[in-house]
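Okay, structure first, notes after.
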Amino acid sequence: MTYKNEYIASTQHPDEFWLDQARNIAWFQMPEKGCQKTDNGYYEWFRGGQLNTCYLALDHHVKNGRGEKTALIYDSPVTQTTQHFTFSELLTQVAHFAGALSSLGVAKGDRVIIYMPMIPQAVVAMLACARLGAIHSVVFGGFASNELAVRIDDAKPKVIVTASCGIEGSKVLAYKPLVDEAVTLASHKPSACVLFQRPQLLASLNEGTDYDWQELVAASQPAEPVAVDATDPLYVLYTSGTTGKPKGVVRDNGGHAVALHYSMGAIYGISQDDVFWAASDVGWVVGHSYIVYAPLIKGATTVLYEGKPVGTPDAGAFWRMIETHKINVLFAAPTAFRAIRKADPDADYLSKYDISSLRTLFMAGERLDPPTYYWASEKVGVPVIDHWWQTETGWPICSNPMGLEPMETKPGSSSVPTPGFNVKVLKGGDVEQIKGEKGAIAIQLPLPPGCLTTIWQDHQRFIDGYLREFEGYYSTGDNGYVDDDGYVFIMGRTDDVINVAGHRLSTGEMEEVLAAHPAVAECSVIGVHDALKGQLPIGMLLLKDGVAIDEEALEKELIQRVRDTIGPVACFKRAIVVNRLPKTRSGKILRKLLRQIAANETVTVPSTIDDPSSVKEIETLMRQKGLVDESSIA
C-alpha cells in the first residue's frame, strides 16, 4: 500500500486496520476486537487477546528455526569488550534470570526497578520481567538517589536490579551506594536487591536483602513465559512532569507489541536480516522501544552500545560501530551529531571507515536543526530522517515512512503523520483544525496501539494532563504547524518541560532545588537555546532581603545541589541573581515571557503584569549575561 492509502485506512478504519496488523505477531489467544472504549473514558486495544512480550522477542524466533541468528551485539569501548548473543543464547540467559526473580517471589503484576548501565544484563532483566508478567521500571543510572527514591515510592517494587558500577567515559560511578541511599530515603522498602558485579568495581552486599546475580541464577531454574492479557502493563517509565513529580507512563503488552512490530517495517524499513542500532540508553523510551523490544520482536539484530559519540575514544566512534557491525539503520539524537560535528567539523574520521552498509540515519529526541541536518546529509551520504515522538506515545507520531514510501525530506520538519496518528493543529480550545497557522499539536482519539494507557496509580492526572485541553483529543504539549503538503513542523513545548540533549526535564523540579537554598527567596528556571544540547536550564534568583553572598560561590553551590538531587543529566550550569522577576498582579512569574526574551522573540507583555518596567530590566540583564539567543532573528 502507498503511504496515503495506509494512513487513510489507519485513521478512518482503525479497528480493522490494527486487527490486521495484530495478525503479524504470535498470540497465545488472538483478540477478536481491536479498539474498545473503557469505563474510565479512554480506549484500550486488543482486549481478550493473550500473549507474552518476551516470547515474541525470543522464543518465537527460536521455535521458528532462527535460534542461531545474532539477536544482540554488545559493544563497549569503555571496557574494550564486544559480545554477540544469538536468540538461543539470549533466551537461555533471560529464562534463567526470570527463574532467579521468581525465586525471590516476583510474579505477574509485581514491579521491579532496574537501575543498570548499558550492559547486556540490563536487556536480560527487562525481558525476564516481561517473561514473568512482572512490570519493570527502568531508571537511568545517571539519576541521583533522590530521583530513584521518588520512583521507588511511586512504583513500590518488590525487587531492585542493579550493577556494581556504571562507566561514564573514563569515570567509574559506583551504583550500590546510590541505590542504598535511595532505599533509605524511600518510604517503600523493596524486599530484595539483585546486583551484577562488574570487574571495574566490586560492591559489598547487605546481608539478608542483597543477592549476587551470578549466584542467584546458578541456584535457580529457568522460567517459562507467562500468558498475560493484551491490556496488562508491560512497564512503567517515568518522565518529567510540570509539577516536578515524575509521571509513570504505563505501556501495555498487546498494543505495544503490535505497534512496534509495525513500526520496524513501515517506518524504519527493517527486515529480519538487518542490523539496527538505536544509540540511546535503556533508561529512556528510545532504549525500551528500539534497543530492546522492537528489533527483537521483528527478529532483527539489535546493538547495545556502552560509549559516547565522541571521547570513547574519538569522534569516529559511530563510524567504527557502523563498519564493525555492518549496521543498516542508525537512530540517534541530533545532540550526538552536533557533538561529532563540533569535534570533527570536516568529518575527517569518517574517511577511515567503510560505512557502506548504512542505508538510513534517523534522528529524534529533539528538533533536528537544519545546520545539523545538512551537515549529516552531506557527510554521511544517506537519507537523514527527522522523526518526532514522545515517551508517552512510545513510537513515532511523525516520520518519513521509509518502509512504505520514502518521501522528500524537508529540513526542520519531522515529515508526515505516521499511520494511526490523526494529527491536528488546534488553537484556544477550538477543535477545528488550523491550516498553515501555528497552534497546539493534538492527536484525535483513539490513539493507535502502543501509546500510554494511563499514568501509574493516577488516571486523573492522565486525563487532566493529556485529554482535558481539547475534547476528543490527546494534547501533545508541543506547538507547531502543518504545511500545504501535510508536513508537520514542531516548534517547541507549551509547558515548562525542557529538552536537554533529548532528555525531557522539569524546570519546576529544578526550581524546587534552588528555592531550598537558605539565601534564595524566589527563583525561576527556563530553558535557553544551546547549539550542542538543544536547550540548557538557566536559573534566575531573587535573594532574601539582607542576604550578602558571593554570587559566583552561590552559583557553584546551586549547580552542585542540582547535580546531587537530579543528576548531571540536567546540565545545570548557570544561575544568575536578579533584582526582580516579571510577575502578574497575582504574583505568578511570567515564565513564557522569560522564554521569549531568551529566544530573542517579540515579547508579548500581558495586561496582567504587575510592573511593565521589569520586562526591560530583565531583558537588559539577560543580554549582559549572554542568555539571549542572538543568532535568532528578533
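Numbered according to this note's numbering, the sequence shown spans residues 458 to 1091. C-beta atoms are modelled at their ideal positions from N, C-alpha and C, and glycine is treated no differently.
- When only Cα atoms are considered, Leu-691 and Gly-590 end up about 7 Å apart.
- Cβ contact annotation for Ser-871 (same chain, cutoff 7 Å, sequence separation greater than five): Asp-843, His-844, Trp-845, Cys-855, Ser-856, Val-945, Ile-947, in chain order.
- Taking 9 Å as the cut-off, the beta carbon of Pro-574 is found closer than this to the beta carbon of Ile-624.
- In summary, Gly-491 is buried, with 16 or more beta-carbon neighbours lying within 10 Å of its beta-carbon over all protein chains present.
- Take Gly-556, set aside five residues on each side of it, and the residues of its chain with a beta-carbon closer than 6 Å to its own are Ser-677, Gln-678, Pro-679, Ala-680, in chain order.
- Spatial neighbours of Glu-780 in its own chain (CB-CB distance under 8 Å, excluding positions within 5 residues in sequence) are listed in chain order as Tyr-810, Asp-811, Ile-812, Ser-814.
- Take the alpha-carbon of Gln-657 and the one of Gly-764: they are about 15 Å apart.
- Counting C-beta pairs with one atom in each stretch, the segment 861-870 and the segment 902-918 have fewer than three that are closer than 8 Å, which means they do not touch.
- Distance from the CA of Gly-943 to the CA of Asp-1007, rounded to the nearest whole angstrom, comes to 54 Å.
- Here Tyr-460 has Pro-858, Leu-861, Glu-862, Met-864, Val-873, Pro-876 as same chain residues with Cβ atoms under 8 Å from its own Cβ, once five neighbours each way along the sequence are excluded.
- The residue among Gln-654, Ala-582, Gly-773, Val-636 with its C-alpha nearest the C-alpha of Tyr-750 is Ala-582.
- Distance check between Trp-913 and each of Gln-847, Ile-1016, Lys-702 places Lys-702 closest, using alpha-carbon atoms only.
- In this chain, His-782 is not harboured by any beta strand (DSSP E); it is covered by the alpha helix (DSSP H) spanning 774-782.
- Less than 9 Å divides the Cβ of His-593 from the Cβ of Ile-571.
- The three-state reading of DSSP puts Trp-670 in helix, counting H, G and I together.
- Look at Ser-559 here: in three-state DSSP terms it is helix.
- Leaving aside the five residues that flank Phe-600 on each side, the residues in its chain whose CB is nearer than 6 Å to its CB run, in chain order, Gly-1024.
- Listed in chain order, the non-local C-beta contacts of Ala-585 below 7 Å within the same chain comprise Val-551, Phe-554, Ala-555, Leu-558, local neighbours out to five positions each way being set aside.
- For Gly-712, no beta strand (DSSP E) segment is defined; the enclosing uninterrupted segment is the alpha helix (DSSP H) at 711-723.
- Trp-502 sits in a strand when the DSSP states are folded into three classes.
- Note: Ala-649 is bridge-paired with Val-616 in the DSSP secondary-structure output.
- Residue pairing from DSSP places Asn-936 in a beta bridge opposite Ala-897, Gly-949.
- By the Cβ test, the segment 520-539 is not in contact with the segment 661-671, since fewer than three Cβ pairs between them sit closer than 8 Å.
- Distances from the alpha-carbon of Gly-712 to those of Val-1004, Thr-850, Gln-729, Asn-462 put Thr-850 closest.
- The beta-bridge partner set that DSSP reports for Leu-962 consists of Ile-955.
- Cβ neighbours of Ala-716 within its own chain (closer than 6 Å, five residues either side excluded): Trp-852, Pro-906, Gly-907.
- The continuous alpha helix (DSSP H) containing Pro-791 extends over residues 791-800.
- Judged by DSSP secondary structure, Leu-807 falls outside any beta strand (DSSP E); it is assigned neither H nor E.
- DSSP, reduced to helix, strand and coil, places Trp-832 within a helical segment of the structure shown.
- The beta carbon of Lys-565 sits closer than 6 Å to those of Gly-590, Val-683, all from its chain and outside the five residues before and after it, given in chain order.
- Cβ-Cβ separation between Val-616 and Pro-647: approximately 6 Å, consistent with a contact (criterion under 8 Å).
- For Asp-1068, no beta strand (DSSP E) encloses it, and the DSSP letter there is neither H nor E.
- Residue pairing from DSSP places Arg-708 in a beta bridge opposite Tyr-692.
- Secondary structure note for Ala-528: its beta strand (DSSP E) is the uninterrupted segment 527-533.
- At a Cβ-Cβ threshold of 9 Å, Val-739 and Val-636 do not count as neighbours.
- For Asn-710, same chain residues with a beta-carbon under 7 Å away, outside a window of 5 residues either side, are Leu-508, Thr-510, Val-685, Ala-687, Asp-689, Leu-691 in chain order.
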